[in-house]
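Contents: one structure, followed by commentary.
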Amino acid sequence: MIPKFRAWDTIKKAMSEVEIIVYTEERVYPFYSKVIRRYIPFSEAILMQSTGVFDKNGKEIFEGDIVRMHSGELLPVKLHHGMFEPVCYYASRAFGRVGNVFENPELLEHPDFREG
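With full-length UniProt numbering applied, the sequence shown covers 1 to 116.
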């Protein structure tokens, strides 16, 4: 699997897929218009890796996403001991992506939310 990332821009409060990561310059280049070339410094970006897993609706799951499990619980997707939990334990038909911790912070207060 080729690693795929997205980034939360902490200044613009926007999520974007990442096109290029330049570690030596500590910057991320998101997919934007080819006319406007913009980068986000590491200090202003939160990188999230794709799990390589898709939910029951075909949506790609990334770190930081919140999934609704078949039990009804809302759980955050986290990298823990080299595995993306909880999605590494279940068939993709057992959960659906409902949002992420940055664009949908209200889900963190939902009565069904569990820290995991």
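Glycine included, each C-beta is placed from N, C-alpha and C at the ideal position.
All values reported here derive from a predicted model rather than from experimental measurement.
Just to confirm the assignment, what range does the beta strand (DSSP E) spanning residue i have?
i, result
"Leu47", "45-54"
"Ala91", "Element bounds for Ala91: n/a, residue is neither H nor E."
"Asp112", "No beta strand (DSSP E) contains Asp112, which DSSP labels as neither H nor E."
"His80", "78-80"
Out of curiosity, what's the CA-to-CA distance linking residue i and residue j?
i, j, result
"Val101", "Leu107", "7 angstroms"
"Pro30", "Arg6", "8 angstroms"
Is residue i buried or exposed, if buried means 16 or more other CB atoms sit within 10 Å of its CB?
i, result
"Asp112", "exposed"
"Ser71", "exposed"
"Pro86", "buried"
"Val18", "buried"
"Val22", "exposed"
Considering only C-alpha positions, which residue in the set the options is nearest to residue i?
i, options, result
"Asn57", "Met69, Tyr32, His81", "Met69"
"Asp55", "Glu26, Val22, Ala91, Tyr39", "Ala91"
"Met48", "Glu25, Glu26, Ser16", "Ser16"
Mind reading off the beta-carbon distance from residue i to residue j? Whole number of angstroms is fine, and I expect it under 8 angstroms.
i, j, result
"Gly64", "Val53", "Actually they do not touch by this definition, with Cβ atoms about 14 angstroms apart."
"Phe28", "Ala45", "The sequence shown places Val at residue 28, not Phe. The Cβ separation is near 5 angstroms, so the contact holds."
"Leu79", "Arg114", "Actually they are not in contact, since the Cβ atoms of Leu79 and Arg114 sit about 17 angstroms apart, beyond 8 angstroms."
"Phe42", "Ser50", "At roughly 19 angstroms, the Cβ-Cβ gap does not stay under 8 angstroms, so Phe42 and Ser50 are not in contact."
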